[in-house]
Every structure is written in structure tokens, then in C-alpha cells.
Amino acid sequence: MATVSQTHQPPGFRDVLFARRSTVVALVCFVVIVLACYVLPTLDLTAIGKMSVRNRLTPPGADYFLGADAFGRDVLGRLLVAGQTSLQIGLGVAILSSSAGIVIGLVAGFFRRLDTPLSRLIDAMMAFPDILLALSLVAIFGGTVGNVILALSIVYTPRVARIVRASTLVVRELPYVEAARALGSSTLTIMVTHVLRNILSPILVQATFIFAYAMLAEAGLTFLGVGVDPSTPTWGTMVNEGRQYIDNAFFLILFPGVAIALSVLSLQLVGDGLRDALDPKLNKET
Amino acid sequence: MAKYLLRRFVGMVVVIILVLTIAFVLVRLAPGDPAALMLGPDATPEEAAELRTRLGLDDPIILQYATFVGNALKGDLGESLFFNRPVTSILADRAEPTIFLALMSLFFALFIATPIGIYAAYKRGSLLDQSSVTSAMLAASIPSFLTGLVFQRVLATNLGWFPTAGYGGPDADIWVRLGHLILPSITLGITNSALILRFTRASMLDILGEDYVRTARAKGMPERRVILRHALKNAGIPIITVVGLTFALLVSGAVVTERVFNLPGMGNLVVNAVLRRDYPVIQGTLIIVASIYVLINLATDLIYFFIDKRVKY
Amino acid sequence: MSVRKSLFALSSALMLSVSPVLAAGTVNVAIIGEPDTFDPMVSTKDVVSIVTQHFVETLYTFDESWAVVPLLAADMPEISDDGLTYKIPLREGVTFHDGSSMDSADAVASLKRWLEVSSRGKSVADKVAGVEASGPNEVTITMKEPYAPLLSLLAFSNSAAVVYPEEIIAPEIETIVGTGPYKIEAHEPDQYTQLVRFDGYTQPTGAAERKQVPDEIRLIPVPDGNTRAEGLLSGQYDYADGLSTETYDRLEASDAAEPVLLQPFGWPVFAVNHKKGIMMDLNIRKAVQAALPFDDMLFAGFGNEKFFKTDGALYPEGWTWHSDAGVELYNQNDQEKAAEYLKAAGYDGSPLRILTSHQYEFHYQMAEVAKAGLEAAGMKVQLDVVDWATLAQNRNNPDLWDIYITHSPFLPEPALISSLFSTAREGWDNPTKNEILNRFTSESDPEKRKAIFGELQKIVLEDVGFIKVGDFNALQGKAKGLTGVNPSPWPAFWNAQVSK
């Protein structure tokens, strides 16, 4: 344990978060992507969604900065709008699965009697490979954005719940939590004020990764034919639509592909940075 | 120790029953009448009603559930609506490509990731360390079907180094079949090597920080020998762990990879089943794959338990 | 570096053992999916026809110019003057794959089953008075009223009137036994159907020879279009069905493969719900017809004029059935006129629900462009893009859609177009149309039938019974050395020669 022997104060959250150049770059990159998707379309620099079938598959150039798709729609404009949906899916899954995971994990960690059944349930849910479970769920619910978010949240909830439970088990034994209990604080108060505050950081890290995985999973589901229906643009549906033009218009899969890869990569790097910053024990990795 | 083993075993049985329950509930959630679905559009309501009775779909739900679990534990997962064959026999036919694909890609992933991970840990903070970690993450950030499509396109169709798709056909011997798995395995292996690389690197860093390694260093043992003698010997445990961890990841990836390369494995089967609304097959695959995962997890834990006596339970 | 080298060495070593699979005499065909049955009576899917035509046979079949010719029948039937009795002589010495020989009892039992279980058989069942064996090698079909398309129905490989041994006839046939030039050797669902030459085969008298050239035909289901193209280009398949027109240039440039363009192949169609919903109103139907930008729809779907033709006639030029009647109503692309129709209909802004699937990319693409055109006319449009299984299920429920998108090859006999019949799921029950259709099916003089078909086409356009989008060409692909396969929506491989 490299840091144990150090006597000086551990570096602050921000110092650690920004110490690694890759984290900073990733964070900037992700913020730029988000801003682009949400701000640029409002400026109406491009006629988004306007079809001009005769211009289909125009390569990137002066008329279409990133080219035109099979309907003669501007790829850049579509990329930005699709990005909103893809980011919503990622964020939606991250928030939903974290919230559900926190509740389940806290309950399991706090109430001994519920721990075993809940833990076994978590184990059972985690035994299903994520794409396989998501595929079945979306097939059953139907391919809308909301259903994809719901299905992926069901897939990732146990992962969060497991982490929350483990952290709760540690935190509940900490002296000041014991003290709070001795002072007569209610279980709910203790759970919310003490435990939750303490376990927020691992959850935040996990949520960042889930955000990334959900965006990847969405693309995968679309490829398998059960994702969001193609009339709703997401980066996943764009890549998938572009597949058949791989010969004549490679840019149709290139740009949304890059958008997915960049977002997922930067989220993962940010997640790494967050983990290091929030958990000083892991500082040795830098 | 016996007590620990017993506890693990009981836990496993409970988890498998829960897996069955989840799969049961999942398929019950599906809209539409399974009997009408099985008979197709031309069926009369009377025919549908007759089939419902025959399939026991009109029984109380609790009875249906009990029958389902009872049959499943006896190894009967029902019959495919599309193939009119027992789900278990279909799954048995489809297991080989998936198992080989998972093993081969695991092999490729270990082959790529372990040395790089060790080296990256050894040279931590260096440009090589950072770039290898980042590129591994990048590889894992690209949707795997894209990687597969590009590989298929370039390495198989254009360069002709590998078969493009399929599993070799009726008279393919084991070598031909394995030949058809090389490219899919590399595709899947690359995607999954990121996790293994990071895991190896992290556990190497752990070990390099251990007292006995520092002692060895302090005694003036050359770094290379420190790595090979002490550190590598202890990297075995994390690798076993990661194998268990990546199983689910491999199966998930296999679904997409099998689709790209048209391999007749369980992943492709389940996607087809979804597109054909063949619920018994979806259900059966979920159950079998989840149960295998549970067993592998148990096995890795047990190996862990026997190898590493330091672990306290 | 060495890692890569050894990898290549390993793979090339394995490739050596891969090549002998493509032994001479084996034709590998990539088809679009696993046939859900080997019984072509109960299925109307093209992929079922492609596979099963090799091992089961009908009494009649079509030749290259879509004329009906005998296959299991010895000759064309003897039709009575009133058009009510068909005496069909059977070929002698035809053996089934199980070794038994075919006689009239087998044919009668098979035809009776066809009338009961197949969708096309059911459509004529009420016009058939009886099917009897009028000799050991002769079958007589008696009709209640003249029905000119009967022979085409008997010849069609789709919902096909194939002949099985009497012994295996059952509502559901487990193991198919046929008379075809090939028989099923092995079948691994989702992997391959392996067909081998049937040695007891005797050549038909009228139809094109089935020379039984390849020792083996392997039909390999490859659901993904990209993968079918890649496999064909790399030489793994000798023939690939259902390729995206986007791969045309690549196939043309390839040394290993070449494109097979079926020109014209068929027509995409917007099927119209006449049973329920807003499309029951003629003015709404006319509004939709007027608003649709057919040019752009076809362009978006097929990308290049090489692959489609903006054509409103139900049969393209060059076909017997070609007619110009009513085509001025096609491709008006006039959203203002459409708006007037909407006004006349008192359109209340309720959404027009277009049901389509992404199984066929061009269906969805046409739907997107259609939506833009309809919206320009002031309609609200709801696109329901689902997978094919859902579409196939939902289209049977008239509550769920106003238009669904499908396509059909140009069929040798217009009476095979099911949408024309009021019993079809669209439920187009216009009395004038019904009267014309009745005249059409009972008329036996070809010239008169042609004229009546013009009337039929006119009413399709005037009453907007369904909306034909245009003509399109389909792309298949074959290995450079492959000969003996006639381009067809249902390609057959008994004469296929692979030179490697």
C-alpha cells in the first residue's frame, strides 16, 4: 500500500481528479460532446431532418459537412439529435439503475433479515449475461427509448445494489454510525444521512461506467434487431442503418461509430479518474 | 471448511431456483397468447383454446410455475415453437460453437492482455503504460459488431486469411470448425482484453507493492527476476478471478459476434428465437447460460478458496 | 510481431483444411433465413419455395416465360368445354424418395389436403366440386364454376399443390417425402439443409430438364445481408439470395462473384386496411394516393434508377398483363390536391398508422419518405417500425394499422395477387371490383381476360384498393464460375455447374 506510509495530508479531490491528464482530456471531450448535441441543434445551423432524397449518400463536403444519409438528410444534424437520445439513454439507465440499486442495496445492507433473500436475488439477476437479458426484455416490452432504458436499468441495477450493499455493511459498523444509532437516530435517518453520504462515491463511479455501457449496449441491441426502432435516431440506429452502405458511404457508420467510441471512452476515463480521486487507497495507480 | 462448502452449495441451489423464477416471470410478461402465437394467424379460437388446455396455460399460475420448476429441475425445458423439438436438445446442438468461441477468445484475450498488463505495471506511468491502457479501453469502447464487421470485411473477404462466416457445413471436421472460430475469437478477445489488461495491471501493482517483493528488491534481486519469480507466481489468482468475471461478458459478446459471423451458437439461437417469438427457447437459453455462470462462479470461488488460504470467509 | 506471425501461420494452416469443403459438385447457396417448414403447402414464404422445390414437385410448373407446363403430370389437362372438368394425366414410373411409386391416389390425397390447409388452396376450395382418381394414372378435378387461374395455382411453388405419398398425408406432416430431383440428406436448423441427388428421378416431359448436375446442394441460412455478400465475395457461397442493391458495384468489381439482377423483380405495395380505421373513407385513400411522392420513395429505397422504375401499371411493359388503364392516378405527387381530398373527407387529424418492419430496409425507407409527403399534405402520420414477426402478427388485426408495407414478385397469374380478393386480410370488398374479379377468374379466353384485367387495374387505382409503389429489381449474386441457374425469385440449382 503505497500511500499508507505517507504522513502528509492526502491530496484533495480536485487535485487527484485533475492530476491525470487523460481524465482532464476525457472530461473536456465529454462536455464538448454533450454541449454540441444540446446547443448546436438549437442554433439551427443545419436543416435537421430535412429530406432531400436526390442528394442521398453525398460524401462529406461543402454542402453537407459530414455528408448526407440514405434519405439525403444531413448527417451532422442527425448525429447531434441522435446524440441527445443516446445520451438520454445512457443517463437514464445510470440514474434509474443507481436509484433502484441504492434502495435495494441499502435495504439489504441494513436489514439483516432481508439481506439473504435480496442478495440471492441479486446473484440470480447477475447470472444473466447483460445483452441476453436486455435482448429478452426489449423483445418483450417493445423497442422504444423508454423500454430500452427500462430494460438496461433492470440489467444494471443488481450491479449497483451489490456495491451499495457491500459498502453499507462496512459503513454501518463505523463508530460514528454506531454512535448515531446509540443516540436514537432512526434507521432511515442513519441510512440517508450517514451511510448514503459515505457510499455516494463508489456509486458515482459505477454510474459513470453504467452510463458508458448503456450507450454501447443500446448500439448492440439495435444491431441485433431489437433496439430502438430506426425512425428514432440514436447513434446505435445510425451505425446500424449505415451498415448496408459500408461500400458506398463508409462515413455513415464512421461518424456515429466515432461518436459512440469517444463518448464511451471518455466516460470510462472520467470514471477511472473519479474512482482514484474519491478513493485515496487506489492512488497508487497513478 | 465443510460448513463453508455446504453453505455455498445451498446458496447455489437457491440462486438457480431464483434464475428459473425470473425466466418464468419474464416470459409470462410477454404480450399475446402463446397458443395463438404457436398456431399462427389461421387458427380458430377453438383450436387455440384446445392448445391452451393441452399446454396447461389455463391452470392456476402457481400450478404452472410449480410444473415449470419441477420439469426444469428434471432437465425438461419445454419444446421449441419453431423447431418442434425439446429446447434442451437444441441447446446441446448449439453449445459447441459458443463454448469454443468463449474459450478461444478468452485465450486470445489472456494472450494479448496479460503480458501487456504485466509490462504496463512494471513500467507504470510510462508512455507505454498509459497508451496501452488507453488503447485497450478504446477497443472496448467501440461497439463489437463494428469491429467484427471491419475484421470480416478486411481480413476474411479481402485478404482471404479466414473464412468469412458460418461453421464449416455438414462435413466440417473439428479443425475446420475451429478455423471458422479464429476471427470471431479475435474480435471478441480484443473487446474483452481491456478488462483483463486492467485487472492484471492492477493486481501486478498490488503485488509489486507487497512487502516480500520490496524485500526481494531491497536484497538487490534484478527487477526482471522480481517480476518473474514473485509477481507472476501470484498473478494466477487474479487471472482465475477474471476468468469467472469475464464469462458473462464473453457470453454477452458472443451473442453479437455469433450474429456477425453467422455462427450456429447459443447466442445466435437466442436472437433468432427473439425474432421468431420462440419463447421456450429464449427461456431455456437464459436458464442454461445463467446456471453455467452460477456454476463457474462457484468453481472459481472454490479454486480461490483452495489456492489462497489467506482469504477469510 | 511474432505474435502476429504465428497467428497467421495458425490460420493459414487451418485454411488449408478449410478449402476441401468446397468440393466440386457441391453448390453452396446462402438463403435469407431458415425455412420454417419443409411443407410448401402451408407456407407462402419465398425461402420455403426456394428450398422445397428441389425435393417436392407439383403437377404443373412454370417455364421460363411463365407459361404453365407439366411436371408430375404427363401432359396438359383435358378441360371440358364448359370449363368445369379438368382431366389430368399423371406421368408413369415416378418414384418417391421412399421408393414407392406415385399414382393417382397420392395425387388426389395431396390435392385434397392442399384445398384444406394451404392458403391458396383454401381460396379456391369453395369453387371445387370434387377431386377424384379417374384411373390409376389420371386425376379429375370438377369445378362448380369455371376458374381460369386454377392451373397457375396448381403450378405455383408458393403455397404449393405438391404431391406427397398418400401414406404420409396428415394435417401436419413430420417428415416430408417428395419426388424431386434432390432429397434431404441432412438438416441442421439455422446451419444448413443438405440435399443430395435422388437416383430414382425420372425427367419430366414438358418442363425444363432437371439435369441433377451437382452431387449436393447446400442451402445455408444467413440472415444478415452483409454476411451473405461477404461470403459470396470471398468464395464461400456460390449463390446468394436477397442482396442489398448497395452491393451491386462491389459484386461487379469482384473477381470471385458477379451480380444477378432480376429485372423487374416485383413491386412494393402499401396494403390498405378496408376493414377498420380512417382508410375506409375513399377520400382519405385518394388523399394518400395523391400525396405520395413515389419517385422519392423508390429512390430512397433503391438508390439508383438502375434498380427501380416509377411505374403505376400492375404489370410492367413486356408482360401479357401490362395495361395503362387508370395509371394517371399514380404518382400525382400533389400534396395540395391531397389536402382537398382530406378536407372533403372532413379529416380530423387522427394519425394514419403505417406498419412496417426493418427486416426489409427499403420498406422502412419508403415509409419514411411517404411520411414526409403525407405530412406535407396535412396528415398526421404514425410510423410503427417493428420486427417482421410482430408485423406478421399485427397485420392480422385490423385494429392496429391503416397501411402496412410489403412487396411481391410479379406473379405469373394476377389471380394470385391475394389483395384483390375481399377475403384477404385487407378486406377490400368493393362490389364493382368483385364483379370484375368474378368475370376475370371465370373467363378462359386469354385475350378477353387481358381486357378484363385492364378494368381490374383501373378500379384498383380509382378505388385505391391497394397502392403499388413501383417496379423494383432484386439483386442476387453468384460465383463467377457458376452456370445453369436461371435468374428467378425462386432460383433452382438442379442444373447448376460450378467450375472451380
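Chains as they are written, first to last, in the working numbering: chain X, 1 to 286; chain Y, 287 to 599; chain C, 600 to 1099.
Every residue gets a Cβ at the ideal spot worked out from N, C-alpha and C, and that includes glycine.
No experiment lies behind these values; they were computed from the predicted model shown.
- K875(C) and I578(Y) have their C-alpha atoms roughly 50 Å apart.
- Contact between the segment 779 to 790 of chain C and the segment 737 to 748 of chain C is not established, with fewer than three Cβ pairs separated by less than 8 Å.
- The residue from M125(X), F71(X), V205(X) and F209(X) with its alpha-carbon nearest to that of T307(Y) is M125(X).
- Interface annotation, A406(Y): not in contact with chain X, CB-CB separation never under 8 Å.
- Comparing alpha carbon positions, the residue from I468(Y), L291(Y), T450(Y) and T543(Y) closest to A828(C) is T450(Y).
- A Cβ of chain X is located within less than 8 Å of the beta carbon of F898(C).
- Of G824(C), M965(C), V887(C) and E731(C), the smallest CA-CA separation from Y940(C) is found for V887(C).
- The CB of Y565(Y) never comes closer than 8 Å to any CB in chain C; the least such distance is about 12 Å.
- Our two residues, K721(C) and Y959(C), have alpha carbons roughly 28 Å apart in a direct line.
- For the pair N1029(C) and Q244(X), the CB atoms are not nearer than the 8 Å cut-off.
- Given a length threshold of 3 residues, the segment 140 to 202 of chain X has no whole run of the beta strand (DSSP E) inside it.
- Residue-level contact check: M51(X) touches chain C, since one or more beta carbons of chain C fall below 8 Å from its beta carbon.
- Per DSSP, the unbroken alpha helix (DSSP H) holding D848(C) starts and ends at Y847 to A852.
- At the C-beta level, E1025(C) and A870(C) come within 8 Å of one another.
- Counted as a single uninterrupted DSSP element, the beta strand (DSSP E) harbouring H786(C) occupies residues Y781 to E787.
- As DSSP reads the structure, Q1075(C) sits in a beta bridge with V859(C).
- Shown here, F637(C) sits in coil according to DSSP, grouped into three states, outside any helix or strand.
- Excluding its 5 nearest sequence neighbours in each direction, N757(C) has C-beta neighbours in its own chain below 6 Å: T643 and S648, listed in chain order.
- When the Cα atoms are used, L106(X) and L188(X) turn out to be separated by approximately 10 Å.
- Every alpha helix (DSSP H) of 4 residues or more that sits fully in the segment 867 to 931 of chain C is shown, in chain order, as 881 to 890 and 893 to 901.
- Of all C-beta pairs linking the segment 460 to 480 of chain Y to the segment 433 to 442 of chain Y, three or more are shorter than 8 Å, placing the two stretches in contact.
- With a cut-off of 8 Å on Cβ pairs, the segment 292 to 301 of chain Y is not in contact with the segment 61 to 69 of chain X, counting fewer than three such pairs.
- Annotated three-state conformation of T792(C) is strand, per DSSP.
- Judged by beta-carbon spacing, V641(C) lies beyond the 8 Å limit of S709(C), meaning their Cβ atoms are not closer than that value.
- For K721(C), the uninterrupted alpha helix (DSSP H) segment begins and ends at S718 to A724.
- Scanning V24(X), D69(X) and L27(X) for the CA closest to the CA of V968(C) turns up D69(X).
- Counting along the chain, the unbroken alpha helix (DSSP H) around F255(X) starts and ends at F251 to L278.
- One finds A261 and L265 in chain X with Cβ atoms closer than 7 Å to the Cβ of L424(Y), taken in chain order.
- Under the Cβ distance rule, Y579(Y) counts among the residues neighbouring chain X, one pair being separated by less than 8 Å.
- Of the residues assessed, E1054(C) falls on the buried side of the cut-off, its CB having 16 or more other CB atoms within 10 angstroms.
- Inter-residue distance for A852(C) and I102(X) is about 58 Å (C-alpha atoms, whole angstroms).
- Where R54(X) is concerned, there is no enclosing beta strand (DSSP E), because DSSP gives it neither an H nor an E.
- Ranked by Cα distance from R510(Y), the options Y405(Y), V575(Y), L555(Y) and L572(Y) are led by Y405(Y).
- In this chain, the alpha helix (DSSP H) harbouring P470(Y) covers I460 to L494.
- Bounds of the beta strand (DSSP E) holding Q981(C) are V980 to V985.
- For T826(C), at least one C-beta of chain Y is nearer than 8 Å to its own C-beta.
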